[in-house]
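Data block below; observations after.
There are 2 protein chains.
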Amino acid sequence: MNVGIVGGGQLARMLALAGYPLGLRFQVLDPAADACTGQVAPLIQGDYDDVALLERLADWAEVVTFDFENIPVAAAQAIAGQVAFYPPAEALATAQDRLSEKTLFWELDIPTPNFATVDSLDELKDAVARVNLPAVLKTRRLGYDGKGQRVLRTSEDIQPSWQALGGVPLILESFVPFEREVSVLGVRCRDGATAFYPLVENHHRDGILRLSRAPCFMPDLERESWDYARRLLDRLNYVGLLAIEFFVKNGRLIANEMAPRVHNSGHWTIEGAETSQFENHLRAISGLPLGSTRAIGHSVMLNCIGDLPERTAVLAVPNTHYHIYGKAPRLGRKVGHMTLRGDDPGTVSDHLRRLLPLVGFDPDEFG
Amino acid sequence: MNVGIVGGGQLARMLALAGYPLGLRFQVLDPAADACTGQVAPLIQGDYDDVALLERLADWAEVVTFDFENIPVAAAQAIAGQVAFYPPAEALATAQDRLSEKTLFWELDIPTPNFATVDSLDELKDAVARVNLPAVLKTRRLGYDGKGQRVLRTSEDIQPSWQALGGVPLILESFVPFEREVSVLGVRCRDGATAFYPLVENHHRDGILRLSRAPCFMPDLERESWDYARRLLDRLNYVGLLAIEFFVKNGRLIANEMAPRVHNSGHWTIEGAETSQFENHLRAISGLPLGSTRAIGHSVMLNCIGDLPERTAVLAVPNTHYHIYGKAPRLGRKVGHMTLRGDDPGTVSDHLRRLLPLVGFDPDEFG
Chain A
1 MNVGIVGGGQ LARMLALAGY PLGLRFQVLD PAADACTGQV APLIQGDYDD VALLERLADW
61 AEVVTFDFEN IPVAAAQAIA GQVAFYPPAE ALATAQDRLS EKTLFWELDI PTPNFATVDS
121 LDELKDAVAR VNLPAVLKTR RLGYDGKGQR VLRTSEDIQP SWQALGGVPL ILESFVPFER
181 EVSVLGVRCR DGATAFYPLV ENHHRDGILR LSRAPCFMPD LERESWDYAR RLLDRLNYVG
241 LLAIEFFVKN GRLIANEMAP RVHNSGHWTI EGAETSQFEN HLRAISGLPL GSTRAIGHSV
301 MLNCIGDLPE RTAVLAVPNT HYHIYGKAPR LGRKVGHMTL RGDDPGTVSD HLRRLLPLVG
361 FDPDEFG
Chain B
1 MNVGIVGGGQ LARMLALAGY PLGLRFQVLD PAADACTGQV APLIQGDYDD VALLERLADW
61 AEVVTFDFEN IPVAAAQAIA GQVAFYPPAE ALATAQDRLS EKTLFWELDI PTPNFATVDS
121 LDELKDAVAR VNLPAVLKTR RLGYDGKGQR VLRTSEDIQP SWQALGGVPL ILESFVPFER
181 EVSVLGVRCR DGATAFYPLV ENHHRDGILR LSRAPCFMPD LERESWDYAR RLLDRLNYVG
241 LLAIEFFVKN GRLIANEMAP RVHNSGHWTI EGAETSQFEN HLRAISGLPL GSTRAIGHSV
301 MLNCIGDLPE RTAVLAVPNT HYHIYGKAPR LGRKVGHMTL RGDDPGTVSD HLRRLLPLVG
361 FDPDEFG
């Protein structure tokens with residue numbers, strides 16, 4: 001079966017590597033000539049809205065998916081008119097706009113921070129009155145890794161925030177003083193079957209995910225997260241893998257955002273789960289039965305941001321699995337990750353203390 | 001780091017898929033335009049003894065390895081004169097000739113069947129007198145999957161066996177009425193560090209491996225196999241992964257043959273061990289630290305011979321991992337494998353009963 005992927009970053013690359021053993025073939029479309037998936041699969045270089053190239057990809061493929069949620073919805077709809085396209089364009093459209101996303105959460109009784117749309121300075125002032133401070137002003141579209149956000153702590157922050165972000169559709173969300181951040185990965189097949197991975201605890205720095213730990217053994221929250229994920233998957237008639245990020249406050253989940261694709265907080269599943277998120281996404285969109293989402297022992301995933309620690313140092317740490325994406329180093333760029341897997345959390349923690357300094361952290365950080 | 005592979009079959013394919021996450025790049029040389037590794041890495045199509053192509057591969061690569069032990073030793077030596085080539089050409093030469101191989105086992109005090117060389121009908125008669133019947137007459141070179149072999153049970157088999165195989169260098173080996181067949185995988189680094197995988201129990205049909213089970217929990221035999229493997233690795237100044245197949249008779253190991261490469265009886269390590277044989281081979285030849293060879297639970301690997309069972313049926317069996325090689329179906333050809341992994345042997349056995357009929361066996365076979 002031929003699988004086309006719109007986007008050729010590390011997620012597409014890991015999809016291809018997970019899919020080859022299933023007998024799948026891949027082609028990816030990416031604007032960058034050096035898109036890292038091009039090292040492991042044929043690359044069609046071109047813009048995401050190049051109609052001729054999209055047609056070429058859809059013509060070759062039996063199913064098309066994407067590794068990047070900011071591809072134009074019109075492009076997605078064009079492909080979906082020609083060949084099976086998953087996750088559905090509606091899910092893509094919803095996730096691209098924080099307002100649609102939050103509104104959907106709200107409709108499905110999934111708790112979210114309070115929110116209000118902001119299209120002018122006056123609306124921002126109104127929104128602050130309704131949402132209360134502290135709050136976070138965000139662009140409704142194209143935000144990722146903490147980009148396109150400003151925290152408003154006092155009314156003096158209103159004017160500068162508007163100046164920094166105004167001019168595009170915005171949303172003001174109440175700031176959640178969270179105790180922790182978690183995420184859940186759910187996957188749904190063409191026939192409606194679903195499966196859910198163990199709840200993951202995430203640690204961000206400067207808006208970028210740095211460390212994920214799974215399973216995180218919060219059974220009540222895990223059950224709650226699976227319930228919310230199921231509501232979203234069913235409502236969107238979803239096919240493929242969906243990630244949802246939550247804040248935890250007072251022991252309850254508050255949905256922050258969703259990503260209609262494989263997700264950084266699921267990279268641990270390559271070694272740490274019976275079936276990886278990448279394989280299960282491909283199984284789902286190809287109409288194959290889902291694989292077990294059960295964790296195998298305890299895993300910690302560490303992102304490599306900007307540049308890569310030296311291979312020998314990383315691999316010298318027992319039970320460390322290194323994933324290098326084949327991308328040029330660049331400040332703030334995700335260029336690789338490492339997953340520590342072990343049968344008991346104590347050993348994993350010991351090894352983690354050796355890995356953390358390799359990515360610029362204190363051994364006791366995230367302790 | 002650029003890795004060249006001479007041979008582009010399923011072993012090279014699985015090497016490439018294991019190596020991409022480590023940031024390695026691959027090119028393979030294979031005579032077949034449709035060599036299945038060509039689906040996942042650039043393929044140089046040409047003969048194994050094409051000097052210009054070998055030079056081109058060696059020029060591009062920082063290290064060259066092989067997935068096929070019958071490549072010409074002269075080609076191996078030519079590459080080794082130009083770039084790092086592992087496993088060493090001497091190991092390749094030894095494994096290509098059953099006489100050299102058995103002689104080395106004998107020198108290292110590794111038990112083997114009795115054997116004698118045979119280059120004429122008279123020598124075959126002498127050999128039968130020394131080795132005794134039953135015995136197996138084998139071509140010294142180019143045998144695999146039971147090809148190039150004849151069993152002699154009575155003196156009446158001497159003449160027809162000679163007629164079937166004579167004309168090339170032969171070896172007569174005493175027939176071992178074994179209780180079981182096992183194999184061990186050892187890996188050795190450039191710096192001499194070694195690691196060994198749990199002992200594997202193998203089941204063949206018509207000379208072709210059909211099922212491997214690991215770990216097989218025979219601690220005395222495992223220790224013995226590691227000891228023999230270490231002797232071979234050290235003596236050959238080996239770098240990379242080495243497989244040794246043994247008969248078990250009266251609770252002792254008798255070495256049958258070795259393969260200086262990743263091995264079919266190690267495919268279970270992809271899901272069933274902390275680090276796969278493919279990754280550890282690449283770590284060894286690239287000068288990286290070895291990964292843990294520990295088993296994770298219990299695994300059974302089943303080969304798909306000739307053609308592939310339908311994907312949906314295979315993946316519907318819980319905890320089954322399917323590996324499709326991208327090869328055209330052909331009688332007797334290895335076109336894929338499946339690995340069942342689980343935390344307890346009982347569950348694995350239950351699932352195995354569902355998989356066996358998909359590859360033409362009775363559910364109780366190999367019970």
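Quick mapping for you: the protein sequence lines, in order, are chains A and B.
Each step along the first sequence adds one to the number in my numbering, with nothing skipped, and position 130 is 130.
Each step along the second sequence adds one to the number in my numbering, with nothing skipped, and position 192 is 192.
Note that CB positions come from ideal geometry on N, CA and C, so glycine has one too.
Practice item. Would you check if there are 3 or more beta carbon pairs closer than 8 Å linking the region 179-199 of chain A to the region 223-240 of chain A? Key: yes
| message | Please classify Gly-8(B) as buried or exposed, where buried requires at least 16 neighbouring CB atoms within 10 angstroms. | response | buried
- Query: Which residues of chain A have a Cβ atom closer than 7 Å to the Cβ of Ile-324(B), listed in chain order?
  - Reply: Pro-21, Leu-22, Gly-23
**Request:** Starting from Val-40(B), find everything on chain A with Cβ-Cβ shorter than 9 Å and list it in chain order.
**Result:** Ala-16, Leu-17, Tyr-20, Val-40, Ala-41
query: On the three-state DSSP scale, how would you describe Gly-280(A)?
result: It should be noted that the sequence gives Asn, not Gly, for residue 280(A). Helix at Asn-280(A).
Original post:
How would you call Arg-252(B), buried or exposed, if buried means at least 16 neighbouring beta carbons within 10 angstroms?
Top reply: exposed
TODO: Closer than 8 Å by C-beta to Ile-305(A): which residues in its own chain qualify, once you throw out the five before and the five after it? Chain order, please.
DONE: Ile-208, Arg-210, Gly-332, Arg-333, Lys-334, Val-335, Val-359
query: Could you give the C-beta distance for Leu-340(A) and Ser-299(A), rounded to a whole number, given that I count them as a contact under 8 Å?
result: 7 Å
| Buried or exposed: which applies to Leu-142(A), given that a residue is buried once 16 or more other Cβ atoms fall within 10 Å of its Cβ? | exposed
Notebook entry, point to check: At a Cβ threshold of 8 Å, is Gly-291(A) touching chain B?
Noted result: yes
- Query: Ends of the alpha helix (DSSP H) at Gln-27(A)?
  - Reply: Counting along the chain, Gln-27(A) falls outside any alpha helix (DSSP H), though it belongs to the beta strand (DSSP E) covering 25-30.
For Tyr-322(B), the first and last residue of its enclosing beta strand (DSSP E): 320-324
- Message: Pairs of beta-carbons, one from the region 213-223 of chain A and one from the region 193-201 of chain A, closer than 8 Å: are there three or more?
- Response: yes
Do you know offhand how far Ser-155(B)'s Cα is from Leu-172(B)'s? 13 Å
Could you please tell me which residues of the region 144-176 of chain B, in chain order, have their CB closer than 9 Å to any CB of chain A?
none
Notebook entry, point to check: Do you know offhand how far Met-14(A)'s Cα is from Phe-26(A)'s?
Noted result: 11 Å
(message) Please identify the residue among Pro-177(A), Thr-194(A), Glu-310(A) whose C-alpha is closest to the C-alpha of Phe-247(A).
(response) Pro-177(A)
Open item on the list: Under 7 Å, CB to CB, which of the residues in the region 298-321 of chain B have a partner in chain A?
Closed with: Arg-311, Thr-312, Leu-315, Ala-316, Pro-318, Asn-319
Exercise. Could you tell me if Ser-402(A) is buried or exposed, where buried requires 16 or more neighbouring beta carbons within 10 angstroms of its beta carbon?
Key: There is simply no residue 402(A) to check, as chain A begins at 1 and stops at 367 in what is shown.
- Query: So Phe-85(B) and Ala-76(B) are in contact, right, with Cβ under 8 Å, and what is the actual spacing, rounded?
  - Reply: 6 Å
Practice prompt. Taking 8 Å as the cut-off, decide whether the C-beta atoms of Ala-18(A) and Glu-279(A) are in contact.
Written response: yes
Nearest neighbour of Pro-169(A), chosen from Lys-249(A), Ser-120(A), Leu-352(A), Ala-127(A) [CA to CA]: Ser-120(A)
query: Hey, out of Thr-139(B), Gly-166(B), Ala-313(B), whose CA is closest to Asp-97(B)'s CA?
result: Thr-139(B)
Here's the rule: buried if 16 or more other CB atoms are within 10 angstroms of the residue's CB, otherwise exposed. What is Gly-326(B)?
buried
### Task
Would you kindly check if the distance between the Cβ of Pro-363(B) and the Cβ of Asn-237(B) is under 8 Å?
no
query: If you run the structure through DSSP and keep just helix, strand and coil, what is Asn-264(B)?
result: helix
Worksheet item: Is the closest heavy atom of the ligand NAD to the C-beta of Pro-198(B) under 7 Å?
Response: Annotation note on the ligand NAD: not contained in the displayed structure, which lists no ligands.
| query | Per DSSP, what kind of secondary structure is Arg-341(A) in: helix, strand or coil? | reply | strand
So, at 6 Å on beta carbons, what are the nonlocal neighbours of Phe-104(B) in its own chain, with the 5 sequence-adjacent residues on each side left out? For the sequence presented, residue 104(B) should be read as Leu rather than Phe. Only Thr-94 meet the Cβ criterion.
- Query: How would you list, in chain order, the residues of chain B whose beta-carbon sits under 8 Å from the beta-carbon of Arg-283(A)?
  - Reply: Leu-315
Practice prompt. Going by CA-CA distance only, name the one from Arg-283(A), Asp-34(A), Ile-71(A) that's closest to Arg-311(B).
Written response: Arg-283(A)
Assuming Asn-319(A) contacts Ser-286(B) under a Cβ cut-off of 8 Å, what Cβ separation, rounded to an integer in Å, is found between them?
-> About 19 Å separates the two Cβ atoms, so there is no contact after all.
- Task: List the residues that DSSP assigns as beta-bridge partners of Ser-174(B).
- Result: Ala-135(B)
Expected contact under 8 Å - CB spacing of Val-239(B) and Leu-11(B) to nearest Å: Going by Cβ atoms, the distance from Val-239(B) to Leu-11(B) rounds to 17 Å, so no, they are not a contact pair.
In the structure shown, what three-state DSSP assignment does Leu-104(B) receive? helix
Between Glu-62(B) and chain A, is there a C-beta pair that is closer than 8 Å?
no
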